[in-house]
Amino acid sequence: MAIEINGSASQATPRPGQCLRTFLREEGNFGVKKGCDGGDCGACTVHVDGTPVHSCIYPAVRAEGKAVTTIEGLASADGLHPVQEQFLEAQGFQCGFCTAGMMMTAATFDDEQRSNLPRNLKGNLCRCTGYRSIADAVCGHGADHQHDAGTDVSGAHSPAAGQTTAVEATPGQLGDNVPAPAGQAVVTGTARYTLDVPAEDLPGLLHMKLLRSPHPHARIVSINKAPALAVPGVVAIFTHEDAPQLLFSTAQHENYTDDPDDTRVLDNVVRFIGQRVAAVVAESVGAAEAGARALEVQYELLEPVFTPQEAILPGAPAIHGEKDGVFSRISRPHHNVVAEVHAELGSVADGFAAADFIHEHTYQTQRVQHVAMETHASTAWLDEDGRLMIRSSTQVPFLVKRTLSRVFNLAPETIRVVAGRVGGGFGGKQEVLTEDLVVLAALALRKPVQLEFTRTEQFTATTTRHPFTIHLKAGASRDGSLTALQLNVLTNTGAYGNHAPGVMFHGCGESLAVYKCVNKKVDAHAVYTNTVPAGAFRGYGLSQMIFAIESAIDELAIGIGMDPLEFRLKNMVRPGDYMLSTTPEPEEDVHYGSYGLDQCVSLVRDALDRGKERYRAAGLDNLGPDWVVGEGSALSMIDTVPPRGHFAHTRVSLEADGRFAVDVGTAEFGNGTTTVHAQLAATALSTTASKVTVRQSDTDLLEHDTGAFGSAGTVVAGKATLGAALELATRIQMVAASLTGAALMDCRLVDGAVECGDRSVPLTEIVDAARLQGVRLATDGNWGGTPRSVAFNVHGFRVAVNRGTGELRILQSVQAADAGVVVNPRQCRGQIEGGIAQALGAALYEEVKVDDAGRVTTDILRQYHIPSFADVPRSEVYFATTNDSTGPLGAKSMSESPFNPVAPALANAIRNATGIRFGELPIARDKIYLALRDRTLIPN
């Protein structure tokens, strides 16, 4: 019996053992996504005879004779399904990869199910949004819906001295809640992500799977390919003998020398369990998997080392000891030290001598996985002219192109890299982890080759957040002055040094610079171990360091009997203060483009006071004798652009139909840059974002773009877009002036026309006139990422802890952000909410666990707990009112930074409630219980 798909009978027959998800995608239903292939995430949800099912664990054969509905079939001839309209209205998505599955589940809800979303959405995960906008969408709340927890953005409050007034929003322009341009495509399942390419567009497509190392440290002696080549459908096998010898780093930065060259495409030495050993290419995924299993590899086992503390001991195995430290840019390869910094400002000895209270403690942060819902994936092929084409899930298409050119010794013009819509990134896709392998195979076989990671490969073979061990000593005087800060930092970069120097240096940067303290000392080492590599992760080292420093700030305040927020207000930097961390002089290009940290502190403190009063008025302030309640806060600062250059090239043009086109290099992966570029261009061109088409993430469009990382999408690429748009506006006015004979100053650009005195000239006429005059109505913008400003975030929590069980309840969550002029408040709020949710996971339960043999044991989603709907409180979000002198139209970055203050604010709130300082993340419930028991607050 045929399977009916969206009202039409399929002529295909499922293969033995095939799941419904792959069957539906092979039939062209690309809205059915893969996030786990284990029934854990819900991205693949479809309806079978009206019932939502996870199609990745539903056998396709069971759907024979049944009606299957995918997101492509949810709408009717009369228009969108109500839930699709609601998701559009509430903008209930960011990257959108999970959205189809979320809507397919929600479309079946009745009123009773909608009243209990924590239970009924438990099978659908989202990594981007923090779920607030999803709840609004499912419940049919409009974009301006207000909630009991407080207003979504800061309202009227008394401006501080010298504070700027808020920028008034213009519809479709700066400050308006413009919907995402891709919204319609996201909610209908037609947005095209990396692998959403019809089979007919890639004839002869081959599939790659990898054999990975079972050992943490070994040398490959031999690989017998014969058994694998005998597997039906296997086409080729690639090993270290087929790979380029060139060493490179999978990390991608504007300056590739920022990272050590310690990696080969395929190496004859494996340094962690899960490292690539061989790549098998076959006619199907199943054949490639079978071929990988059939390979016979002989290894010479080498001694491993698993912790940075052991790795830096004399005589420890040298993981990259054969490499030339100068050539590969490794600080001390024979001692496993990738990079290090040693600095002292003033004299910490004098600072401690002057202190009335000293806090000393060792803080530890764990490995955390990005868990972008779209796994790493790439396809490479040669076009009809022999040019190499790569379609990849990447945040940095231009840097990928440069790396492939370098590794394979190809002319840059012979390579084109395109990123479709990317299903989440969080720094994890600032790497080359799949592209090099598919290029190796495509160049050799002259056929299209595709590689898609499984969720298990994401956990065991990509990258994680760097674990930090921070021994901190800090002193304060009774008058509330911070007298000394001393930190000894050890970071675990894993088997390879991608991002190790940058994460270490950045972590030791703004986390210290936000506080005035004459005496600061830092000794930091980034160290190799035989474990899964670490890499770029939201916050880039700051979240780890801020956890330690902000915890210590609270301890100092408590020690001298001062309110922690008052202590912060006394010691945090103000305009005019040097921002110093590890150098005696401040970064020469970092300025206070605007300053709203004081506002953020006030906004959080006032919101917590209001929350306390709300609880009291509702009679909820007394939870009973088993519960203790506490409040805690933390602050953070971040440079708005990475150092040493971050470049963007954009182009803005007036099209023949009077609409505008903006070409940008930066990728869209839920960061909202597409919307921001449309709004910036619309503001400069006196139109609306709906009349601006953004084309992006294609290396053929523009000269260069460093990429979407370091929160640079708005402040770097946006600056380039704004410059190009302003120049185009002037050029349009000049054409109008010459056409009408009016003075240039009398020609005013308005929506769809130019008003020249009493004459209005439509833009379509301007296009025709420019053509006759030989004037090009396309302008280019460039920005190099300097000067830079600073952005601020402050987070506050009220929590309750059960002294009998260790249960933690978050009663109130508040974050205030200084994002300059907020280009799109709703979108920016969503970024903050998503950052809070991800940070709560890292604070409370997320951990990539590695056993004593170096093996990752949390390798599927059901073993690695990311926040679900029921786990995330509704946070209040407030914006300081500032106008940045360096950012485009006063805007600042706000993508990474919301993550950074969450964990210490939560730890401080728990400390305030229980009297116990938790210095190790995550602060899981069992840890709280055991700590309470050890403090005799819980009977044995």
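Throughout, the numbering used here is defined as the position within the sequence shown, counted from one, plus 34. Ideal placement from N, C-alpha and C gives every residue a C-beta, glycine not left out.
Simplified DSSP assignment, three categories, for residue i
i      : result
Leu955 : coil
Arg729 : strand
Ser636 : helix
Pro821 : coil
Cys781 : strand
Gln794 : Checking the displayed sequence, the identity of residue 794 turns out to be Ser instead of Gln. If DSSP states are grouped into helix, strand and coil, Ser794 belongs with the strands.
Met606 : strand
Gly854 : strand
Thr527 : strand
Asp655 : coil
Ser909 : coil
Arg832 : strand
Glu60  : helix
Arg81  : What sits at residue 81 in the sequence shown is His, not Arg. Note: His81 maps to strand in three-state DSSP.
Leu485 : strand
Cys53  : strand
Arg401 : coil
Arg363 : coil
Asp513 : coil
Residues that residue i bridges to, as DSSP identifies them
i      : result
Met136 : According to DSSP, which records beta bridges pairwise, Met136 is partnered with nothing at all.
Glu374 : His559
Lys926 : DSSP lists no partner for Lys926.
Ala771 : Answer by DSSP bridge pairing: none, since Ala771 is not bridged.
Asn827 : Ser670 and Ala851
Gly113 : Ser110
Lys507 : Glu394 and Gln520
Ser426 : Ser412
His711 : None, per the DSSP bridge assignment.
His683 : Asn816
Arg455 : Tyr227
Gln846 : Arg832
Arg450 : Met423
Gly664 : Val833
Ala695 : Ser687 and Thr727
Short CB-CB distance (under 8 Å) between residue i and chain D
i      : result
Gly130 : You won't find chain D in this structure, because it holds only one protein chain.
Separation of residue j from residue i, as counted between CA atoms
i       : j      : result
Gly610  : Ile594 : 27 Å
Ile424  : Leu244 : 19 Å
Val473  : Cys70  : 25 Å
Glu337  : Leu281 : 23 Å
Gly176  : Asn526 : 45 Å
Gly509  : Phe913 : 32 Å
Asp498  : His287 : Per the sequence presented here, residue 498 reads as Thr, with Asp not at that position. Rounded to whole angstroms, Thr498 to His287 spans 17 Å at the Cα level.
Phe831  : Val663 : 10 Å
Val703  : Asp792 : In the sequence under discussion, the amino acid at residue 703 is Phe, which differs from the Val named in the question. One C-alpha to the other measures close to 45 Å.
Asp210  : Lys725 : 15 Å
Asp144  : Asp83  : 17 Å
Glu98   : Leu845 : 49 Å
Ala958  : Asp588 : 21 Å
Gly267  : Val304 : 28 Å
Asp1026 : Ala534 : Since the first residue of the chain shown is 35 and the last is 974, residue 1026 is not available in this structure.
Val441  : Ala312 : 18 Å
Gly113  : Gly41  : 16 Å
Gly359  : Ser247 : 26 Å
Ala134  : Val221 : 6 Å
Asp885  : Gly868 : 30 Å
Arg55   : Leu240 : 19 Å
Ala746  : Phe581 : 24 Å
Open item on the list: I'd like the ranges of any beta strand (DSSP E) spanning at least 3 consecutive residues and lying wholly in the stretch 214 to 266.
Closed with: 240 to 246 and 252 to 258
Task: Within the stretch 548 to 594, ranges of the beta strand (DSSP E) (whole runs, at least 3 residues) - done: 554 to 562
- [ ] Check whether the stretch 371 to 389 touches the stretch 853 to 867, counting contact only when three or more Cβ pairs, one atom from each stretch, lie closer than 8 Å.
- [x] no
- [ ] Evaluate the contact criterion for the stretch 43 to 62 versus the stretch 116 to 134: three or more CB pairs, one atom per stretch, below 8 Å.
- [x] no
Task: Length at least 3, wholly inside the stretch 288 to 323: the beta strand (DSSP E) runs in chain order - done: 310 to 316
Open item on the list: For the structure I just gave you, are there three or more beta carbon pairs, one from the stretch 385 to 403 and one from the stretch 317 to 329, closer than 8 Å?
Closed with: no
Open item on the list: Taking 8 Å as the cut-off, does the stretch 642 to 653 touch the stretch 569 to 582 (at least 3 CB pairs, one atom from each stretch)?
Closed with: no
Open item on the list: Tell me whether the stretch 622 to 641 and the stretch 913 to 932 touch, counting them as touching only if at least three CB pairs, one residue from each stretch, are closer than 8 Å.
Closed with: yes
TODO: Say whether the stretch 879 to 897 touches the stretch 400 to 415, bearing in mind that this needs 3 or more beta-carbon pairs closer than 8 Å, one atom from each stretch.
DONE: Because the criterion of three Cβ pairs below 8 Å is met, the stretch 879 to 897 and the stretch 400 to 415 touch.
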